[in-house]
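Contents: one structure, followed by commentary.
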Amino acid sequence: MSSKSHIPYSVRASRHGNPLAKRLFQIAEEKKSNVVLSADVTTTKELLDLADRLGPYITVLKTHIDILTDLTPSTLSSLSSLATKHRFLLFEDRKFVDIGSTVQKQYHGGSLRISEWAHIVNCAMLAGPGIVDALAQTASSPAFQTAYGAEGRALLILAEMTSQGSMATGAHTELSVRAARKHRGFVLGFVATRALAMGEQDVSVLKNVEEWGNHNDLSSCWRWSFPAIKVHNSSVVTPRSHEFEGQPASQRNNELANSQSARKNMGNYGWHSWKMSEDSMEIVLLPT
31 MSSKSHIPYS VRASRHGNPL AKRLFQIAEE KKSNVVLSAD VTTTKELLDL
81 ADRLGPYITV LKTHIDILTD LTPSTLSSLS SLATKHRFLL FEDRKFVDIG
131 STVQKQYHGG SLRISEWAHI VNCAMLAGPG IVDALAQTAS SPAFQTAYGA
181 EGRALLILAE MTSQGSMATG AHTELSVRAA RKHRGFVLGF VATRALAMGE
231 QDVSVLKNVE EWGNHNDLSS CWRWSFPAIK VHNSSVVTPR SHEFEGQPAS
281 QRNNELANSQ SARKNMGNYG WHSWKMSEDS MEIVLLPT
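Numbering of the sequence shown is given in this note's numbering, commencing with residue 31 and proceeding in unit increments.
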């Protein structure tokens, strides 16, 4: 999340009208962690293991639930239980992009049951602002509010992307900001490569800040926050101490999950970077 004001999360929580935004700020303040962990793993065991071991140190767990090769209803119920146990939010990186009536069914229905377990989802604006209207309409329905209103559900708009040659720039980004202003009660903020927040009510999930980092063979570029977290596409996160540098991704993931000091550093370093950053970086997204 980004804001130019460094207003404490506890204060922003008390002022925000969205129940989910309140929870997000409260969790970040209580844990002293601003980390969104991107859990791009392909089995239920890996996902639940990461959620259980790293859950106490993160604010949000970001999933691509449809890449799991063994997804079952039990996967989703277990993941939700771990989110409750360790107090973190679930963000399904679905990137809704179709026409309104289709995304309504994808979000609130279908085999993935996204609205039942994902606190946060996101969308792209390629289909126009109607996609945000449609998702907001679903979320505001009486039945939806009865089921999830108290706990809260929210949308992030994919305003910018880290892939090389991305078309999510310029007019696309401006359209994203306008759509967010229209639906402040449902739109939490943006996924972006820089701070797009217009005030303390807005949230930007960044990938990450400062220098451009490595990119993979599919041309996805990542940034890393200073001074302590270096982000690799193939790992959860590698502390600047290079404690796990040079190890295979699977081994780094295992070492991180099993090292108490590394787990704590993951949250502490990101929090320290926000406190020290001139850009007031607040939430950092760490890819696995």
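Cβ atoms here follow ideal geometry from the backbone N, Cα and C, with glycine treated the same way.
Do residue j and residue i come within 8 Å of each other at the CB atom, strictly closer than that value?
| i | j | result |
| --- | --- | --- |
| PHE220 | LEU185 | no |
| LEU50 | LEU218 | yes |
| HIS116 | GLY85 | yes |
| ARG124 | ILE144 | yes |
| ILE129 | VAL162 | no |
Looking only at its chain, what residues have a beta carbon closer than 6 Å to the beta carbon of residue i, apart from the 5 residues adjacent to it on each side?
| i | result |
| --- | --- |
| THR105 | THR74 |
| ALA113 | LEU120 |
| PHE55 | TYR39, ARG42 and ALA43 |
Measuring CA to CA, which of the options is closest to residue i?
| i | options | result |
| --- | --- | --- |
| THR89 | ASN64, GLY130, GLY140 and PRO49 | ASN64 |
| GLY200 | LEU101, ASN152 and LEU156 | LEU156 |
| ALA69 | LYS62, ILE150 and LEU78 | LEU78 |
| ALA177 | CYS153, TYR39 and ALA148 | ALA148 |
| PHE126 | LEU98, SER107, SER111 and GLY160 | GLY160 |
| CYS153 | ARG53, LEU80 and ALA209 | ALA209 |
| SER111 | ALA58, ASP82 and ALA173 | ASP82 |
| THR168 | THR102, ILE187, SER131 and GLY140 | SER131 |
Pull up the CB-CB distance for residue i and residue j, whole angstroms please, since I reckon it's below 8 Å.
| i | j | result |
| --- | --- | --- |
| VAL207 | ALA189 | 7 Å |
| ILE95 | LEU142 | 6 Å |
Put residue i into one of helix, strand or coil per three-state DSSP.
| i | result |
| --- | --- |
| PRO107 | As written in the sequence, residue 107 is Ser, which differs from the Pro given in the question. In the structure shown, SER107 sits in a helix (DSSP, three-state: H, G or I). |
| LYS83 | With the sequence shown as reference, residue 83 is identified as Arg, and Lys is not the correct amino acid for it. DSSP places ARG83 in helix when its eight states are reduced to three. |
| VAL90 | strand |
| ASP123 | strand |
| ILE161 | helix |
| SER68 | strand |
| PHE220 | strand |
| LEU101 | coil |
| LEU142 | coil |
| LEU112 | helix |
Looking at residue i and the ligand FAD, is the gap between the Cβ and the nearest heavy atom below 7 Å?
| i | result |
| --- | --- |
| PHE174 | As far as ligands go, the structure on display features none, and thus does not contain the ligand FAD. |
Going along the chain, which residues of its own chain have a beta-carbon closer than 7 Å to the beta-carbon of residue i, five neighbours each way excluded?
| i | result |
| --- | --- |
| HIS202 | MET155 |
| LEU98 | THR72, THR73, THR74, LEU77 and THR105 |
| LEU205 | MET155 and PRO159 |
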